[in-house]
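*Asks:* After the structure tokens below, expect a handful of questions from me.
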Amino acid sequence: MRYLRFGKKQEKIPLIGQGTAAIDSNARPEELEMWKRVLKKGIELGMTHIDTAELYGKGKAEELVGDVVKDYNREELFITTKILPSHRTKKSMMAAMESSLNRLGLEFVDLYLIHWLEEDSSLKEIITFLESMVEEGKARYIGVSNFSLDEVKAAKKILKNQDIITNQIELNVKKNLHMQECLPYYQDNNMFLTAYSPFAGNGLAQIGTRTEENLNELAQKYNASLYQIALAWLINHDKVITIPMTKDVDHVIENAKAASLTLTKEELKQFEVKMINGY
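See the structure below:
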């Protein structure tokens with residue numbers, strides 16, 4: 011596994027982690043066991059960053075992650091969870107954090123994000139609360155999700171002692187305008203992008219003929235799958251990590267292997283040019 015170094019302490023986080031958004035609150039026991047096997051296999055392969063949220067499966071995802079991580083050295087894991095913007099008071103926000111920690115079976119999370127920003131949300135209250143969670147030892151780092159660059163900048167201005175380390179957004183070979191326009195800002199401000207839905211949410215379907223041709227060309231060159239190239243394209247950009255999601259052990263093995271692929275700058279640029287042109 012390859013890692014990204016971030017923050018003043020130059021801590022490391024794997025370039026490829028694991029997402030849990032598809033864990034269903036009504037999942038059958040055998041499905042939950044399948045998810046556990048996948049997450050454990052991913053951890054064994056170095057995918058020690060596990061991303062979850064109170065929203066996923068109405069808390070079921072956090073419970074499952076908690077059941078998995080209890081078998082591992084806490085210091086070797088990087089756990090991210092998210093708070094919903096529907097919590098409008100500090101009391102409600104604190105209750106949400108405590109509930110997440112209880113479901114995860116943890117004393118703290120490594121990264122705590124606001125899941126998205128609603129139009130009538132108080133950015134100041136939310137960001138101030140996130141900062142307080144670091145100061146109280148319930149989170150080590152804080153960040154945002156689904157924020158525009160202007161919202162990221164506004165959030166950063168509110169903070170007093172902490173900083174936002176990441177913006178988690180949908181990012182893939184089909185949807186990547188934010189990265190193309192804004193990645194230099196993140197790179198210059200000691201932040202990174204966390205890409206969710208790296209396979210465009212539908213298994214790379216309907217990504218456009220030119221883009222698919224380019225994926226196939228690189229897949230043949232590197233003896234890799236289209237999915238591995240899609241992951242490699244993301245993580246070969248400086249300050250970009252990703253959290254693919256799967257409930258298939260073979261697929262998690264395939265995802266982990268993508269970390270070994272190094273695309274050239276020319277290939278990255280060529281790929282981006284084709285996508286900028288709308289293909």
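Residue 71 in the numbering used here is what sits at position 61 of the sequence shown, and the numbering runs on without skipping anything. In this text, a Cβ means the ideal position worked out from N, Cα and C, and glycines have one as well. These numbers were taken from a predicted model, which means no experiment stands behind them.
Would the region 34–49 and the region 167–182 be scored as touching if the rule is three or more Cβ pairs under 8 Å?
*Replies:* no
*Asks:* Quick check on DSSP: helix, strand or coil for Q172?
*Replies:* As a position in the sequence shown, residue 172 is number 162, starting the count at 1. In the structure shown, Q172 sits in coil (DSSP, three-state: anything other than H, G, I, E or B).
*Asks:* Considering just the uninterrupted stretch of the alpha helix (DSSP H) at F139, what are its terminal residues?
*Replies:* The count along the sequence shown starts at 1 and reaches residue 139 at position 129. Segment 133–145, the alpha helix (DSSP H) holding F139.
*Asks:* Quick one: what's R15 bridged to in DSSP?
*Replies:* Start at 1 with the first residue of the sequence shown, and residue 15 comes out as number 5. In DSSP, R15 forms a bridge with K22.
*Asks:* Excluding sequence positions up to five away, which residues of its chain have a Cβ less than 6 Å from the Cβ of R98?
*Replies:* Within the sequence shown, the letter at position 88 stands for residue 98. When the five nearest sequence neighbours on each side are left out, no beta carbon in the same chain lies closer than 6 Å to the beta carbon of R98.
*Asks:* Let me check understanding here. Comparing Cα to Cα, which of K231, L225, L278, F209 lies closest to T252?
*Replies:* The count along the sequence shown starts at 1 and reaches residue 252 at position 242. Cα-wise, what sits closest to T252 is F209.
*Asks:* Whether or not the region 213–232 and the region 185–204 are in contact is what I'm after, with contact meaning three or more pairs of Cβ atoms, one per stretch, closer than 8 Å; do they touch?
*Replies:* no
*Asks:* Using CA coordinates, which residue listed in K257, K249, L214, D248 is at the minimum distance from Q238?
*Replies:* Locating residue 238 in the sequence shown gives position 228, where the first residue counts as 1. Residue L214 is the option with its Cα nearest to Q238.
*Asks:* From W45, E135, H261, pick the residue whose C-alpha is nearest to that of K100; which is it?
*Replies:* In the sequence shown, the residue the question calls residue 100 occupies position 90. If you compare the alpha carbons of W45, E135, H261 with that of K100, the shortest gap goes to E135.
*Asks:* If we call anything under 8 Å between Cβ atoms a contact, is H59 one with F88?
*Replies:* Position 49 of the sequence shown, counting from 1, holds the residue named residue 59. Position 78 of the sequence shown, counting from 1, holds the residue named residue 88. In this structure, F88 lies closer than 8 Å to H59 by Cβ.
*Asks:* Of all the beta strand (DSSP E) runs that stay within the bounds of the region 75–115, which reach a length of 3 or more residues?
*Replies:* 88–93
*Asks:* Under the three-state reduction of DSSP, which class applies to L203: helix, strand or coil?
*Replies:* For the purposes of this step, residue 203 is taken as residue 193 along the sequence shown, with counting starting at 1. Strand.
*Asks:* Give me the Cα-Cα distance between T90 and K148, rounded to the nearest whole angstrom.
*Replies:* For the purposes of this step, residue 90 is taken as residue 80 along the sequence shown, with counting starting at 1. For the purposes of this step, residue 148 is taken as residue 138 along the sequence shown, with counting starting at 1. Near 12 Å, if we compare the C-alpha coordinates of K148 and T90.
*Asks:* Taking DSSP's pairing of strands, which residues face Q178 in a bridge?
*Replies:* Translated into the one-based positions of the sequence shown, residue 178 becomes position 168. Residue pairing by DSSP places Q178 opposite S155, T204 in a beta bridge.
*Asks:* Quick check: what's the CA-CA separation for I93 versus G76?
*Replies:* Here the question's residue 93 lines up with position 83 in the sequence shown. Here the question's residue 76 lines up with position 66 in the sequence shown. Rounded to the nearest angstrom, the two C-alpha atoms are 17 Å apart.
*Asks:* Going along the chain, which residues of its own chain have a beta-carbon closer than 7 Å to the beta-carbon of V162, five neighbours each way excluded?
*Replies:* Here the question's residue 162 lines up with position 152 in the sequence shown. Closer than 7 Å at Cβ, skipping near neighbours: V154, I174, N177.
*Asks:* Note the first and the last residue of the continuous alpha helix (DSSP H) segment covering L244.
*Replies:* If you number the sequence shown from 1, residue 244 lands on position 234. 236–245 is the extent of the alpha helix (DSSP H) around L244.
*Asks:* When every heavy atom of the ligand MN is checked, does at least one fall within less than 7 Å of the C-beta of L123?
*Replies:* Inclusion of the ligand MN in the displayed structure is not the case, the ligand content being empty and no account of it being possible.
*Asks:* Over what stretch of residues does the alpha helix (DSSP H) that includes I251 continue unbroken?
*Replies:* To locate residue 251, count along the sequence shown from 1; it is residue 241. Careful: I251 lies outside any alpha helix (DSSP H), inside the beta strand (DSSP E) at 250–252.
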